[in-house]
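Novice: Shown below is the structure under consideration.
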Amino acid sequence: MADTSFSQFVKRTLARREATLMLLLVVLLVPISIRSPQFLSPNNINTILNDMAILVIVAIGEFYVILSNGIDLSVGSIIAFSGMACGMINESYPQVPAGLLLLVGLAVGALLGLINGVLVAYGKIPPIITTLGTMSIFRGMTFLLSKGTWVTAHEMSPGYIALPRTTFLGLSYLLWIALLVIALFYYFSRYTRTGREIYAIGGNPTAAKYVGVNESRVRLVVFLVSGTLCGLAGALWTARYASAVNEMATGFEMQAVAACVLGGVNFSGGAGGIIGVALGTLFLGVVTNALPVIYLSVFWQTFVQGLIVLIALALNTISDQRKTRKLLAQRRG
Amino acid sequence: MQQALLEVHNLTKIFPGIRALDTVHLSIRSGEVHALIGENGAGKSTLVKILTGVYIPTGGTIELEGKPVSFRNATEAQEAGIVAIHQEASMFPELSVTENIYMGHHIRNGRTRKLDWKAMTENTRLLLAQMQLDIDPDTLVKNLSVAKRHMVEITKALSLDAKLVIMDEPTSALTGREVEDLFRIVRDLKQRGKAILFISHKFAEIFEICDYYTVLRDGQYIGEGKVGESDEDAIINMMIGRSVDQLYPDHTTRTGEKVLSVRGLSQLGAFKDISFDLHRGEILGLFGLVGAGRTEVVRTIFGIDKADGGTMTIDGKPYKPRSPQDAMRMGLALVPEDRQKQGLVLRMSLTHNISLPVLAKLCWKGLVTKAKGEASYVRKHGDEMEIKAAGYHVDAETLSGGNQQKVVLAKWIGTDPKILILDEPTKGIDVATKAAVHEFVFEMASRGVAVILISSELPEVIGMADRVMVMHEGIQTGFIDRKDLSASLVMRYAIKEVEEVIHG
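Protein sequence lines correspond, in order, to chains C and Y.
First residue of the first sequence: 1, per this note's numbering; consecutive thereafter.
First residue of the second sequence: 1001, per this note's numbering; consecutive thereafter.
Have a look at this one:
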């Protein structure tokens, strides 16, 4: 059985969601850049990418949960708790290096993700219910931790605030971290046993169970990954916006889900990829950024995002149906 | 003779690749209980689905009260007076008896178009009373026993003014007392001139309640007769009558030492007191009709379900699996009955499906899959099964049923099993693949693998197995050695209530 020829490879690549998204991005960028030539200036591109860096980190975590046929609604609250924790440590102990604060964020996020994971995997509570509960609980914990106060820019150490802005080879540390996360989890999806098992559990939990995949472990892992990435995002958030407020990242779960859906991740689990999620995030970023260019006020932002998600979901469904019909036709040949 | 209520001629239904029904005849008169008899896969369900408007026939005619009819959907069949009581009651558990009975044909107030619950409740009460049933119309269906739910379904059929009531295995979930109740109602329906099409695997019931019978085999009409004028043996011969010898090569088996030993294995509500030994290189056939509990037994052996009683040993050591992982560690493999739902992750590539059970072996430090090792592993086992596909990168959902089954088999050979369990491995696949699967099973046995083969096809069981264990309603009713194997003996054990439990 011959595996691939070049033309087949090209055909397969073009048929993928990632290619469609790329094409759509280009189509979108042409009229925008005609209208406003500075939209494609290195400066503006850099701004868009930096704006999207935190979202892509969170969306990748959300991706694994959706891939396993779950959902994580608590991402915004985990960001808030971890961001607040990092901000407060920075305020009280400014000598703690910024890099260590990132590790604190990771650890705090991992712990909260673990709570979600244990409740879902071993408490057998459906993900949507679990994270609906912990979304409020983690947000409440943030208020309790801060006693309702904020950490403002002048209470933070310059080193911490500078961390995401420092550049290396022309790109900010924030962007480098996002790229590192993308690369790491691209590898995780493709080349690790756990990555493979997440696809299997999401695609067909029964069949996975029959070959000895430990379902509980997989469900625990996806929430652990999601929590850990949110923890990292929280530490970065506080530094980037130079403040830690209790309401930070409220509603962020919707943007993370939107990025996944745009990236072609199947909402009932089992299909999707990291590159798709990254492109979905980028698409969301370009559209949001382009609103002023087409004279729409930022008040339209949420509206337009919702619209895009609906269209993306409809497209996913239509292409699924078409695929099924093609399959049936093939089999009846 | 009275004119027939329902007259079916030359009914044919072709699915892609399969002739599910081939020129079938059926004739039922009002006031008659008519048994539809046949093995699993004989075409009974397809016939019922056509009569109730679920499937549209490829050819043939259906006449109801002398007029030709064709149903485009279930509602049209219902309106014409054909109503089926399903094996698994299709009811709404959170709704009341009245709401269930009038679902889809509510009574409305003529003027306001408001639902007239008072009238519906009153009618329900009346219908229930007619059937001498002690059920409150306002009870929620979830609070009723399985038997009473059946009765409610029958009541619903009456509320629809059904002329023909189809009962598909109506007694499978009922106790002896409840069966008597059901039969009282069946006789009552008969008195009122309703026709009943009765599908059952239990001959005792057929002889007790039915007047006529029609036998199907492999989608074909075999014959019909009056129950009082036929005996069991004649009907069994109609069910199985075909020669099987030439299809299967005669295989000499060299059965080795004992591998798996099962003693008194039980699971509440599924099976009871199952005992057998399995040897190296042996093919043990496991036969039974719907509801015999075969799948449940192997699921328990494979650690998917837990046993309530009994013991198992592998190579003399106690074996008590708590998960499929435990079973796999002990060298078991299970090819499940439903390859799409249980065997494959349809949206994953063939490569990923085949390597899924052995990822641990292909991984380095439990984390990183060696992509090269995986590709050659998959090619080795996939090519061995001669899978036909555009490549191993394509998703499993793009393959035909036969090739999907080959993928499932390829997936398991690599685990190098000591005990291979196959649950209906040739169900719904084409003849060529079927032969390939048979060859595969013999090959595995000759390599010393102990095989348990579940099949609903008598010729397959008889052609392949060294020994056959037969089950009926969760109990093992017979153990037959190859030299004594015959279709009629197997079928006799499969349809009969237990006379004596035989241990193998």
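By construction, the Cβ of each residue, glycine as well, lies at the ideal position given by its N, Cα and C atoms.
Tell me the rounded alpha-carbon separation between C/ALA162 and Y/GLN1325.
Specialist: Between C/ALA162 and Y/GLN1325, the C-alpha separation is close to 50 angstroms.
Novice: Determine which residues of the region 197-211 of chain C have a Cβ less than 7 angstroms from any Cβ of chain Y, and write them out in chain order.
Specialist: Listed by position along the chain: TYR199, ALA200, GLY203, ASN204, THR206, ALA207, ALA208, LYS209, TYR210 and VAL211.
Novice: Short of 7 angstroms in beta carbon distance, which residues of its chain neighbour Y/GLU1460, apart from the five on each side in sequence? Order them along the chain.
Specialist: So the list reads THR1426, once near-sequence residues are dropped.
Novice: On the three-pair Cβ rule with 8 angstroms, is the region 1275-1293 of chain Y touching the region 1465-1472 of chain Y?
Specialist: Contact between the region 1275-1293 of chain Y and the region 1465-1472 of chain Y is present, because at least three Cβ pairs lie under 8 angstroms.
Novice: Determine which residues of the region 268-283 of chain C have a Cβ less than 8 angstroms from any Cβ of chain Y, and write them out in chain order.
Specialist: Within the region 268-283 of chain C, the residues whose Cβ lies closer than 8 angstroms to some Cβ of chain Y are GLY270 and ALA271, listed in chain order.
Novice: Say whether chain C places a C-beta atom closer than 8 angstroms to the C-beta of Y/ARG1347.
Specialist: For Y/ARG1347, the answer is yes, since a Cβ of chain C falls inside 8 angstroms of its Cβ.
Novice: In whole angstroms, what separates the C-alpha of Y/ALA1163 from that of Y/LYS1114?
Specialist: Checking the displayed sequence, the identity of residue 1163 of chain Y turns out to be Lys instead of Ala. Each residue's alpha carbon lies about 29 angstroms from the other.
Novice: For a test of the three-state rule: what should DSSP assign to Y/HIS1106, helix, strand or coil?
Specialist: DSSP places Y/HIS1106 in coil when its eight states are reduced to three.
Novice: Name the chain Y residues that come within less than 9 angstroms of C/ASN214, Cβ to Cβ?
Specialist: Here the neighbours are SER1323 and GLN1325.
Novice: In three-state DSSP terms, what is C/LEU169?
Specialist: Three-state result, C/LEU169: coil.
Novice: Beta-carbon of Y/LYS1202 versus every beta-carbon of chain C: anything under 8 angstroms?
Specialist: Chain C, which has no Cβ nearer than 8 angstroms to the Cβ of Y/LYS1202, makes this no.
Novice: What are the boundary residues of the beta strand (DSSP E) that Y/HIS1279 is part of?
Specialist: That run of the beta strand (DSSP E) goes 1271-1279.
Novice: By Cβ distance below 7 angstroms, which residues in the same chain neighbour Y/GLY1066 in space, the five residues on each side in sequence not counted?
Specialist: Once the five neighbours on either side are set aside, the close Cβ partners of Y/GLY1066 are GLN1003.
Novice: Any idea if Y/GLN1267 is buried or exposed, counting beta-carbon neighbours within 10 angstroms, 16 or more meaning buried?
Specialist: Its Cβ being crowded by 16 or more others within 10 Å, Y/GLN1267 is buried.
Novice: Based on the DSSP output, what are the partners of Y/GLY1038 in its beta bridges?
Specialist: Paired residue(s): none; Y/GLY1038 is not in a bridge.
Novice: List the DSSP bridge partners of Y/ILE949.
Specialist: Summary: the structure shown does not reach residue 949 of chain Y, with chain Y confined to residues 1001 through 1504, and so no result is reported for it.
Novice: Does C/ARG193 come within less than 8 angstroms of chain Y when only Cβ atoms are used?
Specialist: Yes - at least one Cβ of chain Y is within 8 angstroms of the one on C/ARG193.
Novice: So C/ALA259 packs on C/THR281, CB below 8 angstroms; how close in whole Å?
Specialist: 4 angstroms between Cβ atoms; contact.
Novice: Closer than 8 angstroms, CB to CB, is Y/GLN1404 near chain C or not?
Specialist: Not closer than 8 angstroms to any Cβ of chain C, the Cβ of Y/GLN1404 fails to qualify, so no.
Novice: Between Y/VAL1441 and Y/VAL1431, how many whole angstroms is the CB-CB distance? I'm expecting something under 8 angstroms.
Specialist: Between Y/VAL1431 and Y/VAL1441 the Cβ distance is about 16 angstroms, and since that is not below 8 angstroms, they are no contact.
Novice: What separation, rounded to the nearest whole angstrom, lies between the Cα atoms of Y/VAL1345 and Y/ALA1389?
Specialist: Looking at the two C-alpha atoms, the distance is approximately 16 angstroms.
Novice: So, using beta-carbon positions, are C/GLY76 and C/GLY251 closer together than 8 angstroms?
Specialist: The answer is yes: Cβ separation under 8 angstroms.
Novice: Find the nearest neighbour of C/SER157 within the set C/TYR64, C/PRO292, C/LEU291 and C/PRO97, judged by alpha-carbon distance.
Specialist: The shortest C-alpha separation from C/SER157 is found at C/PRO97.
Novice: Cβ atoms of Y/LEU1278 and Y/VAL1298: under 8 angstroms apart, would you say?
Specialist: In this structure, Y/LEU1278 does not lie closer than 8 angstroms to Y/VAL1298 by Cβ.
Novice: Looking only at its own chain, which residues have a Cβ that is under 6 angstroms from the Cβ of C/ILE66, when we skip the five neighbours before and after it?
Specialist: The answer, listed in chain order, is CYS260 and VAL265.
Novice: Does Y/GLN1267 have its Cβ less than 8 angstroms from a Cβ in chain C?
Specialist: Taking Cβ atoms only, chain C never reaches closer than 8 angstroms to Y/GLN1267, which makes this a no.
Novice: DSSP beta-bridge partners for C/VAL151?
Specialist: Its beta-bridge partners are C/ALA244.
Novice: Examine chain C for any beta-carbon lying closer than 8 angstroms to the beta-carbon of Y/LEU1144, and answer yes or no.
Specialist: Output row for Y/LEU1144: interface = no.
Novice: Considering only residues of the same chain and omitting the five flanking positions on each side of Y/ALA1333, which have a CB-CB separation below 6 angstroms?
Specialist: TRP1412, THR1415, PRO1417 and LEU1420.
Novice: Measuring straight from C-alpha to C-alpha, what distance separates C/ALA244 and C/ILE177?
Specialist: Looking at the two C-alpha atoms, the distance is approximately 20 angstroms.
Novice: Check whether chain C comes within 8 angstroms of Y/GLY1343, counting only Cβ atoms and requiring the distance to be less than that.
Specialist: So, interface residue.
Novice: Throw me the rounded Cβ distance for the Y/LYS1190 and Y/ILE1196 pair, which I believe falls under 8 angstroms.
Specialist: The Cβ separation is near 7 angstroms, so the contact holds.
Novice: Look at Y/TYR975 and Y/THR1351 and say whether their C-beta atoms are less than 8 angstroms apart.
Specialist: Limits of chain Y in this structure are 1001 at one end and 1504 at the other, which puts residue 975 of chain Y out of reach.
Novice: Could you tell me the distance, in whole angstroms, from the CA atom of Y/ARG1335 to the CA atom of Y/ASN1143?
Specialist: First, the residue type needs correcting, since residue 1335 of chain Y is Val and not Arg in the sequence shown. In a straight line, the C-alpha of Y/VAL1335 is about 37 angstroms away from that of Y/ASN1143.
Novice: 8 angstroms is my cut-off, CB to CB: does Y/PRO1357 come that close to chain C?
Specialist: Closer than 8 angstroms: yes.
Novice: Taking 8 angstroms as the threshold (beta carbon to beta carbon), is Y/ALA1270 in contact with chain C?
Specialist: So, not an interface residue.
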